[in-house]
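Visitor: What follows is a structure written as structure tokens; I'll ask about it next.
There are 4 protein chains.
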Amino acid sequence: MEVGFLGLGIMGKGMSMNLLKHGFKVTVWNRTLSKCDELVALGASIGETPAAVVKKCKFTIAMLSDPPAALSVVFDKDGVLETIGSGKGYIDMSTVDHPTSTKISEAIASKGGHFLEAPVSGSKKPAEDGQLIILAAGEKALYEEITPAFDVMGKKTFFLGQVGNGAKMKLVVNMIMGSMVNAFSEGLVLAGKSGLDPHTLLDVLSLGAIANPMFGGKGPAMIQGNYSPAFPLKHQQKDMRLALALGDENAVSMPVAAAANEAFKKARSMGLGDLDFSAVFETVKDLQH
Amino acid sequence: MEVGFLGLGIMGKGMSMNLLKHGFKVTVWNRTLSKCDELVALGASIGETPAAVVKKCKFTIAMLSDPPAALSVVFDKDGVLETIGSGKGYIDMSTVDHPTSTKISEAIASKGGHFLEAPVSGSKKPAEDGQLIILAAGEKALYEEITPAFDVMGKKTFFLGQVGNGAKMKLVVNMIMGSMVNAFSEGLVLAGKSGLDPHTLLDVLSLGAIANPMFGGKGPAMIQGNYSPAFPLKHQQKDMRLALALGDENAVSMPVAAAANEAFKKARSMGLGDLDFSAVFETVKDLQH
Amino acid sequence: MEVGFLGLGIMGKGMSMNLLKHGFKVTVWNRTLSKCDELVALGASIGETPAAVVKKCKFTIAMLSDPPAALSVVFDKDGVLETIGSGKGYIDMSTVDHPTSTKISEAIASKGGHFLEAPVSGSKKPAEDGQLIILAAGEKALYEEITPAFDVMGKKTFFLGQVGNGAKMKLVVNMIMGSMVNAFSEGLVLAGKSGLDPHTLLDVLSLGAIANPMFGGKGPAMIQGNYSPAFPLKHQQKDMRLALALGDENAVSMPVAAAANEAFKKARSMGLGDLDFSAVFETVKDLQH
Amino acid sequence: MEVGFLGLGIMGKGMSMNLLKHGFKVTVWNRTLSKCDELVALGASIGETPAAVVKKCKFTIAMLSDPPAALSVVFDKDGVLETIGSGKGYIDMSTVDHPTSTKISEAIASKGGHFLEAPVSGSKKPAEDGQLIILAAGEKALYEEITPAFDVMGKKTFFLGQVGNGAKMKLVVNMIMGSMVNAFSEGLVLAGKSGLDPHTLLDVLSLGAIANPMFGGKGPAMIQGNYSPAFPLKHQQKDMRLALALGDENAVSMPVAAAANEAFKKARSMGLGDLDFSAVFETVKDLQH
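Protein chains in written order, with our numbering: chain A, 528 to 816; chain B, 528 to 816; chain C, 528 to 816; chain D, 528 to 816.
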């Protein structure tokens with residue numbers, strides 16, 4: 528099975544490697560073409576432009592950093608729209624807001640192409656390990672055709688109905704996660720400032736009703752001030768903002784998410800946007816003006 | 528081994544039953560004495576007053592609902608102070624603030640008695656199943672003597688040093704939990720209002736980095752509007768308040784916990800204080816004035 | 528002097544009436560044309576479409592409810608763009624976000640027209656009394672030409688530089704106001720629930736460092752539960768959202784505004800969006816689920 | 528008329544000077560006695576202890592920094608309780624929580640003395656100018672006797688009924704003020720970061736519905752980073768905390784006040800507690816970790 532793959536960032540690289548390792552023929556494109564080298568060494572072909580990738584492949588998967596990048600790859604010169612058409616499928620796995628997803632969906636459909644949005648839950652490690660959770664929505668027939676690729680990249684795929692539902696589900700999950708990492712950060716600082724050992728807090732948390740992989744996985748690194756980006760803070764904050772906008776649209780008041788979002792914004796103002804989203808921990812510590 | 532047990536509420540009942548089932552001789556007391564019947568049927572003795580229980584037993588465990596109750600049992604007429612003394616140990620497993628714990632500790636010490644605070648993490652079910660996490664602090668020697676009882680009531684015990692540290696650790700854990708149940712509630716409502724199935728959200732969450740027993744255990748009941756109290760909301764809000772006060776004392780700003788606390792207060796104003804703390808979910812739904 | 532006037536809502540009606548009363552020749556248009564009747568009775572002409580108004584008048588002022596309305600009047604069929612051109616000025620006094628303002632500005636300029644944004648501070652009463660504060664930005668020459676009209680509608684006009692600055696200043700002011708009405712509401716409820724007379728609170732506030740016209744003007748009505756819309760809550764919430772988005776763009780963390788915004792959203796979910804923005808008071812009272 | 532005066536801090540000094548200037552005979556006491564020198568130079572007598580002052584004077588006024596100081600002056604050795612009794616009145620003008628006020632009231636009454644709480648609204652300048660707002664509660668007869676002194680220190684006095692009501696009213700007012708100074712700070716930073724001149728924002732605000740003396744009085748100094756303490760931030764934060772506790776007691780959810788309180792706590796953690804409360808402005812600016 529041959530697939531195109533647009534976007535080789537933190538996530539896309541791991542995902543496309545898994546496709547290669549499992550025998551897919553993969554044609555890759557990245558804005559900075561040099562990032563393709565490692566994939567080429569593993570057997571991937573290169574497409575010069577998004578349009579060229581789509582022209583060559585029946586199915587093209589995209590994994591881009593944000594809504595502007597997702598739109599650019601489709602609508603700009605040499606973009607997906609130039610070569611998409613009847614019999615071809617475009618699967619956007621980027622995390623975008625639902626209006627962006629809908630806009631792309633409609634443009635693809637207007638050219639006779641097929642569209643699926645399929646944002647993922649999971650960051651760098653699950654992407655590398657093929658352990659993502661895939662939240663697909665759009666055309667059911669395309670969903671069924673592309674399932675073999677999803678099976679290689681993820682541990683579980685949900686089909687959620689109409690386009691936009693994948694984006695929305697992703698935002699809801701990430702919003703909860705963003706509030707949780709703030710709650711966790713507040714707890715770690717409170718423990719330390721109150722004379723408790725934050726490592727003991729991790730042990731206690733690991734045994735109780737709120738034990739979860741994120742606390743266990745990120746806690747020790749956070750205590751050490753290590754924020755290598757598995758999921759960059761600026762992207763997490765973007766997801767909080769989009770989730771809050773979705774709540775605004777539906778008149779859902781979400782005071783905890785709103786407070787968490789402001790903490791992420793504070794972190795951005797401190798220059799932490801490119802670090803892991805767990806760097807919001809720094810905002811809870813003593814700061815200087 | 529013979530122990531006294533003061534307080535047979537949601538938690539105390541399960542805990543004292545586990546002591547009985549594992550061969551401890553238990554003398555129980557409860558403000559409403561009729562609540563002792565079930566324990567007596569299983570072999571417990573009754574003490575007429577806290578003082579009587581302490582007089583009879585070398586070790587007395589208390590599990591009371593809040594700081595005023597914890598203080599009353601010790602300082603009021605017929606209270607623990609009247610009979611505690613050299614060679615006797617008092618183990619308070621209630622969740623109280625650290626000034627309360629310290630006050631009790633000093634009073635017990637002034638009579639020559641020994642003191643351990645040992646609040647627990649876990650609610651009704653873990654109490655019944657002997658699966659609590661016990662956060663002990665105070666006199667190390669008493670801790671070692673009472674360990675057999677802890678082993679029956681809990682799955683893991685931490686010894687945290689000086690009196691107050693158990694209370695503080697408990698508050699930190701519950702504060703994180705309180706913020707999390709709010710984040711979770713906001714996500715559930717946002718999902719529903721955005722056209723997603725909240726049950727699918729539970730499935731997606733169960734597979735990802737923030738999967739945890741609380742989401743899995745409480746989510747389905749919350750969606751149904753079922754809030755049988757495992758841990759009453761008013762007690763959760765009390766713990767948020769005390770944790771925020773601990774933060775105030777140490778100049779730790781905790782905006783997410785503060786927002787969560789206000790949601791719990793809103794729930795209290797709606798008459799939900801005696802339901803499970805997950806009833807904060809109701810505050811996120813559409814309300815009427 | 529002849530001016531066109533698009534939009535006769537709560538604000539636009541008072542503003543256009545002041546122009547008429549001070550001798551301006553005014554041609555009005557409103558989506559629901561029947562709303563023009565009162566103005567016609569006072570001597571206004573009617574334009575059938577925005578394009579018709581602009582064709583007839585050298586200067587056209589617009590006062591529309593939100594960004595979509597402001598865009599629609601310019602870009603839709605029979606819109607401003609069809610007839611704007613060299614020698615004509617378009618002054619948009621609606622409260623919109625700065626991207627909207629910029630988009631309109633560029634479109635007008637591309638046709639050779641002149642543009643000024645001029646959002647106002649002040650609601651129904653100041654609009655009727657010609658006591659608005661006008662926050663103008665854009666082409667300085669047009670600003671000078673239209674000053675006679677501004678003098679009639681407002682008590683003070685600021686020229687703030689490039690297009691977008693008027694919109695931004697307006698959002699900053701409304702954001703502060705939105706947080707203040709929440710703080711005030713919380714104080715009124717806290718007073719009442721604590722056994723104090725809310726009217727006495729108004730008296731105390733009126734004498735101190737935070738005395739301001741809004742507390743004095745709205746307080747008595749709020750206590751009575753009277754929320755006749757001077758400035759509809761849904762528009763206030765829109766301004767909070769836009770101000771927070773401006774903060775997001777510039778990495779400014781604003782936790783108090785964010786909390787206030789969530790309260791306005793809660794009010795919207797309670798069906799209070801069309802009432803005065805002071806109806807956020809209802810969210811602080813006891814609610815039912 | 529002869530009065531005692533306990534506490535010569537920022538507020539007490541101005542207040543007692545006004546008494547002296549208007550012909551009252553004043554006996555002063557301060558923990559650091561050297562602070563009495565300036566008053567003595569103006570004609571005041573010195574009392575060696577609170578007990579000595581009360582022994583000498585029919586009426587004694589206290590103006591202390593916080594609840595512990597207010598309690599200490601009454602209950603400690605050489606305190607008010609030792610000499611208060613029938614025919615003597617004690618007027619506590621400190622800002623304390625209502626349980627503190629009630630505790631003092633009951634102790635004074637148990638000795639046969641008379642009590643009035645009379646916290647004030649207003650800081651350094653109004654204290655010096657005799658322009659305070661006085662929120663009295665307690666014994667009506669004492670209120671009437673002490674009115675001549677109130678008239679000299681304040682521009683308006685309210686009698687609010689039973690002891691505790693003065694404290695509560697003060698907290699409500701200060702809570703609103705604390706949220707407002709945060710809203711104002713957020714607006715100033717947002718303006719500056721968005722390319723607007725913060726001084727123009729002050730001008731715009733001064734003309735509109737939310738114009739108030741605090742914005743006008745503190746704004747220019749805040750922009751310059753000048754926070755000479757008229758009302759220290761740590762005391763403002765204490766009042767927010769007590770107001771939130773009053774809300775907790777009455778199940779009033781106050782999310783905006785809670786967010787403002789966390790900002791003040793952040794300011795404390797940054798070492799700004801002794802500056803003016805407007806220094807919370809610093810927390811909104813870009814911070815470093």
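Cβ atoms here follow ideal geometry from the backbone N, Cα and C, with glycine treated the same way. Computed from a predicted structure; not experimentally measured.
So is Glu644(B) buried or exposed if we call it buried at 16+ other beta carbons inside 10 Å?
Guide: By the 10 Å Cβ count, Glu644(B) comes out buried.
Visitor: Assess contact between the segment 753-769 of chain B and the segment 794-802 of chain B, defined as three or more Cβ pairs (one per stretch) separated by less than 8 Å. Is contact present?
Guide: Short answer: they touch.
Visitor: With 8 Å set as the bound, which would you pick, yes or no: does the beta-carbon of Met528(B) sit closer than that to a beta-carbon of chain A?
Guide: Not an interface residue.
Visitor: Considering only residues of the same chain and omitting the five flanking positions on each side of Ser733(C), which have a CB-CB separation below 8 Å?
Guide: Phe742 and Gly743, listed in sequence order.
Visitor: When DSSP builds the beta bridges, which residues end up paired with Pro646(B)?
Guide: Answer by DSSP bridge pairing: none, since Pro646(B) is not bridged.
Visitor: If the cut is a Cβ gap below 7 Å, which residues of chain C does Val716(D) touch?
Guide: Here the neighbours are Val779.
Visitor: Decide if Glu633(B) is buried, meaning its Cβ has at least 16 other Cβ atoms within 10 Å, or exposed.
Guide: Counting Cβ neighbours within 10 Å, Glu633(B) comes out exposed, since fewer than 16 surround it.
Visitor: By the criterion of Cβ-Cβ separation under 7 Å, what are the contact partners of His816(D) in chain A?
Guide: Met797, Glu809, Lys812 and Leu814, listed in chain order.
Visitor: By Cβ distance below 6 Å, which residues in the same chain neighbour Asn545(C) in space, the five residues on each side in sequence not counted?
Guide: Taken in chain order, the residues that qualify are Gly657, Val679 and Met680.
Visitor: Quick one: any contact between the segment 568-588 of chain B and the segment 528-536 of chain B, if contact means 3 or more CB pairs under 8 Å?
Guide: Cβ pair count under 8 Å is three or more, so yes.
Visitor: Do the CB positions of Gly539(D) and Ala578(D) come within less than 8 Å of each other?
Guide: Going by C-beta atoms, Gly539(D) is not nearer than 8 Å to Ala578(D).
Visitor: According to DSSP, which residues form a beta bridge with Ser572(B)?
Guide: In DSSP, Ser572(B) forms a bridge with Thr554(B).
Visitor: Under the DSSP definition of a beta bridge, which residues are partnered with Gly665(A)?
Guide: Its beta-bridge partners are Leu643(A).
Visitor: Taking the DSSP output, what are the residues bridged to Glu529(A)?
Guide: According to DSSP, Glu529(A) bridges with Lys552(A).
Visitor: When Cβ atoms are compared, which residues of the segment 760-793 of chain B fall closer than 8 Å to chain C?
Guide: Cβ contacts with chain C come from Pro782, Ala786 and Lys793.
Visitor: With 16 other CB atoms within 10 Å as the buried threshold, where does Pro559(B) fall?
Guide: Residue identity differs from the one stated: residue 559(B) is Thr in this sequence, not Pro. Exposed.
Visitor: How is the beta strand (DSSP E) around Thr587(B) delimited, first residue to last?
Guide: That run of the beta strand (DSSP E) goes Phe586 to Ala589.
Visitor: For Leu687(D), would you say it is in contact with chain C, using Cβ-to-Cβ distances shorter than 8 Å as the test?
Guide: Yes, Leu687(D) counts as interfacial toward chain C.
Visitor: If the cut is a Cβ gap below 9 Å, which residues of chain B does Pro740(A) touch?
Guide: In chain order: Gly735, Ala736, Ile737, Ala738 and Asn739.
Visitor: Considering just the uninterrupted stretch of the alpha helix (DSSP H) at Glu812(C), what are its terminal residues?
Guide: Note that residue 812(C) corresponds to Lys in the displayed sequence, not to Glu. No alpha helix (DSSP H) contains Lys812(C), which DSSP labels as neither H nor E.
Visitor: Note down, in chain order, each residue of its chain lying with its Cβ closer than 7 Å to the Cβ of Asn817(A), except the 5 sequence neighbours on either side.
Guide: This structure gives no information on residue 817(A), because the portion of chain A shown stretches from 528 to 816.
Visitor: Start and end of the alpha helix (DSSP H) containing Gly752(B)?
Guide: Segment: none, Gly752(B) is in no alpha helix (DSSP H) and carries neither H nor E.
Visitor: If you check the beta carbons only, do Ser648(C) and Lys682(C) fall under 8 Å apart?
Guide: Going by C-beta atoms, Ser648(C) is not nearer than 8 Å to Lys682(C).
Visitor: Would you identify the three-state DSSP class for Gly616(B), choosing helix, strand or coil?
Guide: DSSP places Gly616(B) in strand when its eight states are reduced to three.
Visitor: Could I get the ranges of all uninterrupted alpha helix (DSSP H) runs contained in the segment 705-739 of chain A, with 4 residues as the minimum, in chain order?
Guide: Here the runs fully enclosed are 725-734.
Visitor: Within 8 Å (strictly less), CB to CB, does Met749(C) reach chain D?
Guide: Cβ-Cβ to chain D under 8 Å: no for Met749(C).
Visitor: Roughly how many angstroms lie between the CA atoms of Leu814(D) and Asp775(C), to the nearest whole one?
Guide: Near 16 Å, if we compare the C-alpha coordinates of Asp775(C) and Leu814(D).
Visitor: Using a C-beta cutoff of 8 Å, does Val555(B) count as contacting chain A?
Guide: Cβ-Cβ to chain A under 8 Å: no for Val555(B).
Visitor: Shorter than 8 Å from the beta carbon of Ala645(D) to some beta carbon of chain C?
Guide: Taking Cβ atoms only, chain C never reaches closer than 8 Å to Ala645(D), which makes this a no.
Visitor: For Gly681(A), which beta-bridge partners are listed by DSSP?
Guide: In the DSSP output, where bridge partners are listed per residue, Gly681(A) has Leu659(A).
Visitor: CB Cys563(A) to CB Leu535(A), shorter than 8 Å?
Guide: Contact: yes.
Visitor: Can you give me the start and stop residues for the alpha helix (DSSP H) that Phe804(D) sits inside?
Guide: Unbroken run through Phe804(D): none, as it is neither H nor E.
Visitor: Would you give the residue range spanned by the alpha helix (DSSP H) that Pro759(B) belongs to?
Guide: Pro759(B) -> no alpha helix (DSSP H), and no H or E assigned at all.
Visitor: For Asn709(B), go through chain A and note every residue whose CB falls closer than 7 Å to its CB, in chain order.
Guide: Simply Val783.
Visitor: Determine the burial state of Asp730(A): buried for a count of at least 16 other Cβ atoms within 10 Å of its Cβ, exposed for fewer.
Guide: Under this definition Asp730(A) is an exposed residue.
Visitor: Are any of the Cβ atoms in chain D nearer than 8 Å to that of Lys552(C)?
Guide: No, no contact with chain D.
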